[in-house]
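Okay, structure first, notes after.
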Amino acid sequence: MSPESWQAIVLTLKLATLTTVLLLVLATPLAWWLAHRRSAWRAAVSAVVTLPLVLPPSVLGFYLLVALGPQGPLGQFTQAMGWGVMSFTFTGLLIGSVIFSLPFAVQPIQNAFEALGTRPLEVAATLRASPLDAFFTVALPQARTGLLTAAVLSFAHTVGEFGVVLMIGGNIPGQTRTVSTQIYGHVEAMEYAQAHALAAGMLAFSFAVLLALAFLRRPLSRGAA
Amino acid sequence: MTNVTVIHIQLPRAGFLLDVDLELPARGITVLFGPSGSGKSSLLRVVAGLERARRARVVVGGEVWEDDATREWVPAHKRPIGLVFQEASLFDHLDVMGNLRYGLVRSQRLARTAAPSAQAVLDHAIERLGIGHLLQRRPATLSGGERQRVAIARALATQPRLLLLDEPLSALDAARRQEILPWLERLRDDAQVPMLYVTHSMDELARLADQVVVLDQGRVRISGPVGEVLSSLQSPMAQAEDAGVLLLGQVVERQAKWQLARVAFAGGELWLRDAGHAVGTPVRLRVLARDVSLAMQQPRDISVQNVVPAVVDASEDAPHPSQVTVSLRCGPTLILSRITRRAAHELALAPGRPVWALIKAVALVA
């Protein structure tokens, strides 16, 4: 494989790992709020979180590009803070990936919290655990299958994204060129053998992920029975 | 006031208002009895701090846990209670030991006064529920009865000032229930933790209760020591098909030849099947009203072994119009008898008349 291909693989893994970590940190409290609050805002927040699931990646990427660009509101903000412009950078790509995969992280965690119900937390309270204590020592461990599913889905979905990467990243080698855009580049250049190597790798990876998910979900369904 | 539990609650529920004003002795087992949907569990949840009533005052052992008048409110996790739910609710990500230690370490951290060592508390809870052989097991591998024993031990390990049990046996089959009841009896006889025990089972009430609070539609119908409540014609239980009294007695004699035991209670003695209890053992006897007949003269040549002199105290209509329930005084003890209205008329029963009570069956409940 060409050095460019290796570079794209490393960058993709780095992007997917960082995206997954960020998503777990952001999606867990969000999923908790959605699972437990009966707020009037709940439906609206839930819809916004789910939007990336139905929007074409190019639409999402387009708006992010505009927002993060030199004239966009977020771009103005990042420049004012001295961080520069985020579009066509790895950071911008990371922000886009987090938003793009948000529903894949929130939904499994939210489902797990909802399946848990309030009883384990009440039990924890009668055992002298404060609400925060109970969240970390009871809710999170009992929702572990949901958290793991969210992590696997976020990682896999980030590895597989294309539209957002192209729009906001701009396909810059070593900075924003991921495996999926690298394959596109190879095909454009008629380098079918190179494209093949990467594409086959992606196919194997995706299959492995789905297989892992199937194993992950088994104990969950047994626990619910 | 430290030996009294004060529970005053007004809480609207679906279809009724839970409105109770109780002062309970802080010892033994107080059974909250009543049909489902009478507000028993809601009462327990308010005492535990899991539910907030608009108007409530809860004082346990001299400590105010909540008082709407002074806006005092102690959150659930700071109340020294133990709560055992209907289903055991063990944490399945921890083994049995992990479950026991969960509440133990947190309660030790919160304890203000010098508490006994964690190990001593843990050992006591494990010994009290007989779960020493289960400590390394996962909750999913335990039987229903074992799970509930672990749940009770877990609550005990927090050294509660009040142990709340919300129908702890109702999710179990009869055999599992019989497996757990002796452990609960031992806990009661330790007299270390007062318990509030919610149930709608007369069997559990008869075996466990020291005091009884009967709830119906959110109101207290009657409350008091178990013997008094079960022998009162005013209690809703006197209207039930299985109305009957509970006698607290002691084995005084065993006849090996006939396999019978004599049990003395305040006001009389009864013969019953020898269940193997040693002389001196305290026992609870249940005498159902339908098993008590009345005679005006002392009957002779009769197979009934228990014929007790008594005096008619009062009578009340029974559920079916053909019957009445009569209460009889045997010394300080009351016994109930259910007879037909015609028999009561023919015998000219009236308060103060001496009669002979023929007791056809006596059940040993514990």
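These protein sequence lines are chains A and L, in that order.
To convert a position in the first sequence, counted from 1, into our numbering, add 16.
To convert a position in the second sequence, counted from 1, into our numbering, add 12.
Note that beta-carbon positions come from the ideal geometry of N, C-alpha and C, so glycine has one too.
Item                                                                                                                                                                                  : Value
At the level of alpha carbons, what is the spacing between Ile-184 (chain A) and Val-101 (chain A)?                                                                                   : 12 Å
Any beta-carbon of chain A closer than 8 Å to the one on Ala-65 (chain L)?                                                                                                            : no
In whole angstroms, give me the CA-to-CA distance for Leu-232 (chain A) and Phe-171 (chain A).                                                                                        : 15 Å
Using alpha carbons as the reference points, say which of A:Ala-220, A:Val-139, A:Leu-109, A:Phe-120 lies closest to Ser-62 (chain A).                                                : A:Phe-120
Measure the C-alpha to C-alpha separation of Ile-188 (chain A) and Thr-66 (chain A) and round it to an integer number of angstroms.                                                   : 29 Å
May I ask you to list, following chain order, the residues of the stretch 41 to 62 of chain L that have a beta carbon less than 9 Å from some beta carbon of chain A?                 : Arg-57, Ala-60, Gly-61, Leu-62
Please state the DSSP three-state secondary structure of Val-316 (chain L).                                                                                                           : coil
Pull up the distance between the alpha-carbon of Leu-229 (chain A) and that of Leu-163 (chain A), whole angstroms please.                                                             : 12 Å
Would you mind giving the Cβ-Cβ distance between Pro-172 (chain L) and Pro-92 (chain L), rounded to the nearest angstrom? I have them listed as a contact below 8 Å.                  : 5 Å
Please decide whether Arg-135 (chain A) counts as near chain L, where near means a Cβ-Cβ distance under 8 Å.                                                                          : yes
Name the chain A residues that come within less than 7 Å of Arg-220 (chain L), Cβ to Cβ?                                                                                              : The displayed chain sequence assigns Leu, not Arg, to residue 220 (chain L). Ordered by position in chain A, no residue passes the 7 Å Cβ test against Leu-220 (chain L), which lies about 21 Å from the chain.
Just verifying my parser: in three-state terms, what is the DSSP assignment at Trp-22 (chain A)?                                                                                      : helix
Mind checking whether the beta-carbon of Gly-51 (chain L) lies closer than 7 Å to any heavy atom of the ligand MN?                                                                    : As presented, the structure is devoid of all ligands, the ligand MN included, so that no description of it is given.
Would you say Arg-233 (chain A) faces chain C, with C-beta separation under 8 Å as the test?                                                                                          : The chain inventory of the structure shown lacks chain C, comprising the protein chains A and L.
Can you look up Leu-245 (chain L) in the DSSP assignment and give me helix, strand or coil?                                                                                           : coil
Rounded to a whole number of angstroms, what is the C-alpha to C-alpha distance between Ala-252 (chain L) and Pro-331 (chain L)?                                                      : 7 Å
Starting from the beta carbon of Arg-118 (chain L), find every residue of chain A whose beta carbon is closer than 7 Å, and list them in chain order.                                 : Leu-143, Arg-144, Ala-145
Looking at chain A, is there any beta carbon in it that lies within less than 8 Å of the beta carbon of Ala-88 (chain L)?                                                             : yes
Along the alpha helix (DSSP H) that carries Phe-171 (chain A), what are the first and last residues, could you check?                                                                 : 160 to 176
Let me see if you follow: with CB-CB separation under 8 Å, is Asn-15 (chain L) close to chain A or not?                                                                               : no
Cα separation between Ile-314 (chain L) and Gly-256 (chain L)?                                                                                                                        : 23 Å
I'd like the list of long-range same chain contacts for Asp-228 (chain L), defined as Cβ closer than 6 Å, with 5 residues on each side in sequence excluded.                          : Gly-46, Ser-50
Taking the C-alpha atoms as reference points, what is the distance between Ala-24 (chain A) and Lys-30 (chain A)?                                                                     : 10 Å
Would DSSP call Glu-99 (chain L) helix, strand or coil?                                                                                                                               : coil
Identify each residue in the stretch 145 to 175 of chain A for which the Cβ-Cβ distance to at least one residue of chain L is less than 9 Å, and report them in chain order.          : Ala-145, Ser-146, Pro-147, Asp-149, Ala-150, Thr-153, Val-154, Pro-157, Gln-158, Arg-160
Determine the closest residue to Leu-40 (chain A) out of A:Arg-54, A:Ser-196, A:Thr-161, with distance taken between C-alpha atoms.                                                   : A:Thr-161
Quick check: is the beta carbon of Tyr-114 (chain L) nearer than 8 Å to any beta carbon in chain A?                                                                                   : yes
If we count the other Cβ atoms within 10 Å of its Cβ and call it buried at 16 or more, is Ala-132 (chain L) buried or exposed?                                                        : exposed
Around the C-beta of Gly-364 (chain L), are 16 or more other C-beta atoms found within 10 angstroms, so that it is buried, or is it exposed?                                          : exposed
Within the same chain, show all residues whose beta-carbon is closer than 7 Å to that of Val-225 (chain A), passing over the 5 residues directly before and after it, in chain order. : Val-168, Ala-172
At 9 Å on the CB atoms, spell out the chain A contacts of Ser-101 (chain L), in chain order.                                                                                          : Arg-135, Pro-136, Glu-138, Val-139
Skipping 5 residues on each side, what residues in its chain have a beta carbon closer than 7 Å to that of Leu-137 (chain A)?                                                         : Ala-150, Val-154, Ala-155
Using only the alpha-carbon positions, how far apart do Arg-274 (chain L) and Arg-298 (chain L) sit?                                                                                  : 14 Å
Look up Leu-297 (chain L) in the DSSP assignment and give the residues it is bridged to.                                                                                              : L:Leu-259, L:Leu-376
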